[in-house]
Amino acid sequence: MTSNHCADKTSKSTQLDKVGFAMDQFRLDSLDVFAAIVRCGGFRAAALERGVSSSALSQTINALEEALGIRLLNRTTRSVAPTEAGQRLLQRLGPALMDIRLAVDDLNQLKENPSGTLRINAPGPAIDHLLCPAMFTFMDTYPDIKVELVSDAAVIDIVEQGFDAGVRFGRQLAQDMIALPLGPSLRYAIVASPDYIAKHGLPLTPNDLAGHNCIRRRFPGGTLVSWKFENGGDTLEVLPEGRLTVSSARNELQAAVAGCGLAHVFEDYATPYLANGRLTEVLKDWSPLLPSWYLYYPSKRHSSAAMRALVSFLRSYDWKGVHSGLIERP
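Next comes the structure, spelled out in structure tokens:
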């Protein structure tokens, strides 16, 4: 064996010893703390999520950075953001932490009842009208499982963001995901109060909307929601005009009930108000049926016992007549 080879071998051994020493200086859960701080956007929000103090998380991150010998977070009085090194670590951490969670969750198979926490990312309407009613029953069935529902309309990487599953329309799903349809087909309804219709008249075709005050809604990313119509073979997409722009279907519905104009909301939101006469549907013949919502989750990973319980529960769930009843009456 040459002296150079021995030197190289000694150098590699020393490097491994240093890495091993660094790994000994922090616990594995400090990596989970780091990922949670970035996901929550700061120490305070992450501390509230984990039920600990902000100072405790700060000490954990300080110890982690010292052990690794590199800064992971840029911290100011107003914001916290990962450094380049932190971003690289996060890209590898998401799948790795998910694997660890699943390995621990697999132990649930040895228990009589599955346990653990399920984090689900879904748009507000899906949570209001599908997930909340279903989860109330699911949690009664599985008392050892905790559920966190996060309202978000953006298309995200659920694995990277630490979610077990998401809910979106079928066309928005990645190809490597398993998808499970939830509930019946969807339909948008154009609604207005009787007072508004008495003052401004009924639109008979989508083209008539140009003479009406439409309540517009803007997605979180900034795009205005367009109104799509279909009648026989005719299709039409309209970007509505109006004085009021909101960011949620609930506010859009409130404005319609108050007589501010025409609203474009999922039928489930409007159903109670149509039934009691506070709203009237217009252009009903032009409202197309849409695909149902889909629950989706990674296909390349073994599901936890809690996730398998959820999927089994949702497959057999009776969606008929499900309405949240959660909307506050304006």
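Last residue of the sequence shown? That's 1081 in my numbering, and every number before it is there in order. C-beta atoms are modelled at their ideal positions from N, C-alpha and C, and glycine is treated no differently.
Whole angstroms are fine: how far does the CA of residue j sit from the CA of residue i?
i, j, result
"G917", "V906", "9 angstroms"
"G1028", "D879", "22 angstroms"
"V1016", "A814", "50 angstroms"
"P874", "G792", "20 angstroms"
"P957", "G984", "15 angstroms"
"R938", "V803", "43 angstroms"
"E1048", "M928", "Per the sequence presented here, residue 1048 reads as Tyr, with Glu not at that position. So the two alpha carbons sit approximately 5 angstroms from each other."
"Q776", "D783", "Here the model assigns Q776 a pLDDT of 48, short of 50, so the residue's position is not dependable, and the following value carries that caveat. Taking the straight line from one Cα to the other gives about 15 angstroms."
"L990", "R968", "10 angstroms"
"M849", "D908", "13 angstroms"
"Q810", "D915", "28 angstroms"
"R801", "R790", "12 angstroms"
"Y893", "S944", "42 angstroms"
"T1022", "T1031", "10 angstroms"
"S1054", "R839", "26 angstroms"
"E835", "A796", "22 angstroms"
"D780", "G972", "33 angstroms"
"R1059", "G837", "32 angstroms"
"P935", "L819", "51 angstroms"
"F970", "D1036", "26 angstroms"
"I821", "A930", "40 angstroms"
"L987", "E981", "6 angstroms"
"M774", "T996", "Below a pLDDT of 50, predicted positions are generally treated as unreliable, and M774, at 47, falls in that range; the measurement from the model is reported next regardless. Their Cα atoms are separated by approximately 52 angstroms."
"P865", "G1012", "49 angstroms"
"F889", "S999", "27 angstroms"
"P1039", "I941", "11 angstroms"
"Q1004", "L808", "At residue 1004 the sequence reads Leu, which differs from the Gln that was named. Each residue's alpha carbon lies about 41 angstroms from the other."
"S1063", "F794", "36 angstroms"
"T828", "L1025", "49 angstroms"
So what does DSSP say about residue i, is it helix, strand or coil?
i, result
"N982", "strand"
"Y893", "coil"
"I812", "helix"
"W1070", "coil"
"E800", "helix"
"F1064", "helix"
"S1043", "coil"
"R967", "strand"
"N872", "strand"
"N1027", "coil"
"A1009", "coil"
"G845", "helix"
"F920", "strand"
"V784", "helix"
"T827", "coil"
"P954", "coil"
"V997", "strand"
"P935", "coil"
"G867", "strand"
"D1084", "Because the chain in this structure spans residues 752 to 1081, residue 1084 falls outside the shown range and cannot be described."
"D879", "helix"
Using DSSP bridges, identify the partner residues of residue i.
i, result
"M928", "P1049"
"A1014", "V942"
"E988", "K979"
"S902", "A873"
"P833", "L824"
"C1032", "Correcting the residue identity first, residue 1032 is Glu in this sequence and not Cys. Looking at the DSSP assignment, E1032 forms a beta bridge with V942."
Task: contact_flag[the segment 1053-1068, the segment 960-980] where n(CB pairs < 8 angstroms) is 3 or more - done: When Cβ pairs closer than 8 angstroms are counted between the two stretches, the segment 1053-1068 is seen not to touch the segment 960-980, the count staying below three.
- [ ] Could you tell me whether the segment 893-907 touches the segment 1040-1047, where touching means 3 or more Cβ pairs closer than 8 angstroms?
- [x] Contact fails: fewer than three Cβ-Cβ distances are below 8 angstroms.
Open item on the list: Contact between the segment 865-872 and the segment 838-850 is defined here as three or more beta-carbon pairs at a separation below 8 angstroms; is this criterion met?
Closed with: The way I'd put it, the segment 865-872 doesn't touch the segment 838-850; fewer than three beta-carbon pairs between them come closer than 8 angstroms.
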